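Trainee: Just dropping this structure here.
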Amino acid sequence: MERHRNLPLDQQQKALANEPGFHQLPAETQQRMMDRLTQLNNMPEEQRRRILDRNEVMEHLTVPQRQQVRDAMQQLGSLPVDRRRLVARAFRDLREMPQPQRQAILTSDRFRGQFSDQERATLSSLLTVEPYLPVERPADSVEAGK
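Here the working numbering is used: the sequence shown runs in plain steps of one and ends on residue 564.
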């Protein structure tokens, strides 16, 4: 994707179709990949960059690490939108702290009163996979899990 990002969409699609193994994929998967390429081309540059950065990080993870990340993000995505935003904000704050401080906050009565067991479990999962996740830049306003 990065090598071909300055090409017109039709040339990017041709380059994708010429990738080794592309034609061995099921037709539905090929179409989904082409549709995703079109979506990426229609996104604002900053959003597109975030997605490509995230994909790059995921490519370098082991299969179990990728599954851990997917599971944690699925947990986050299963929360109601308002709670998801709150948990995502807490995650961003916690990931900036040293481990002992994180632990103190996670086990505090105040934190237990603010977040349900499920939300705290989601935060724990996210913090477990945190080293694998790209750091969002301050200008990014991501609704995690969407």
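C-beta atoms are modelled at their ideal positions from N, C-alpha and C, and glycine is treated no differently.
Bear in mind the structure is a predicted one, so any value in this text is a computation, not a measurement.
Do you know offhand how far Met-515's Cα is from Glu-464's?
Mentor: In the sequence shown, the residue the question calls residue 515 occupies position 97. In the sequence shown, the residue the question calls residue 464 occupies position 46. Rounded to the nearest angstrom, the two C-alpha atoms are 26 Å apart.
Trainee: Flag this pair as touching only if the segment 500 to 507 and the segment 526 to 544 have three or more C-beta atom pairs under 8 Å; answer yes or no.
Mentor: yes
Trainee: Buried or exposed: which applies to Ala-445, given that a residue is buried once 16 or more other Cβ atoms fall within 10 Å of its Cβ?
Mentor: Residue 445 sits at position 27 when you count from the first residue of the sequence shown. Burial call: exposed.
Trainee: Kindly list the residues whose CB is nearer than 8 Å to the CB of Leu-512, restricted to its own chain and excluding five residues on each side of it in sequence; keep chain order.
Mentor: Walking along the sequence shown from the start, residue 512 turns up at place 94. Arg-520, Ile-523, Leu-524, Leu-541 and Leu-545.
Trainee: Nearest by alpha-carbon distance to Asp-500: which of Leu-425, Arg-421 and Phe-533 is it?
Mentor: By 1-based counting over the sequence shown, the position of residue 500 is 82. That would be Phe-533, whose Cα lies nearest to the Cα of Asp-500.
Trainee: Can you tell me whether DSSP reads Thr-456 as helix, strand or coil?
Mentor: As a working note, residue 456 is residue 38 in the sequence shown. Three-state result, Thr-456: helix.
Trainee: Between Arg-450 and Met-461, what straight-line distance do the alpha-carbon atoms span, to the nearest angstrom?
Mentor: Your numbering for residue 450 matches position 32 in the sequence shown. Your numbering for residue 461 matches position 43 in the sequence shown. Spanning the two alpha carbons is a distance of roughly 17 Å.
Trainee: For Gln-536, does the three-state DSSP call read helix, strand or coil?
Mentor: Taking the sequence shown and counting its residues from 1, one reaches residue 536 at position 118. Correct three-state label for Gln-536: helix.
Trainee: Are Val-481 and Val-547 closer than 8 Å when you measure CB to CB?
Mentor: In the sequence shown, residue 481 corresponds to position 63, counting from 1. In the sequence shown, residue 547 corresponds to position 129, counting from 1. No, the Cβ-Cβ distance between Val-481 and Val-547 is not below 8 Å.
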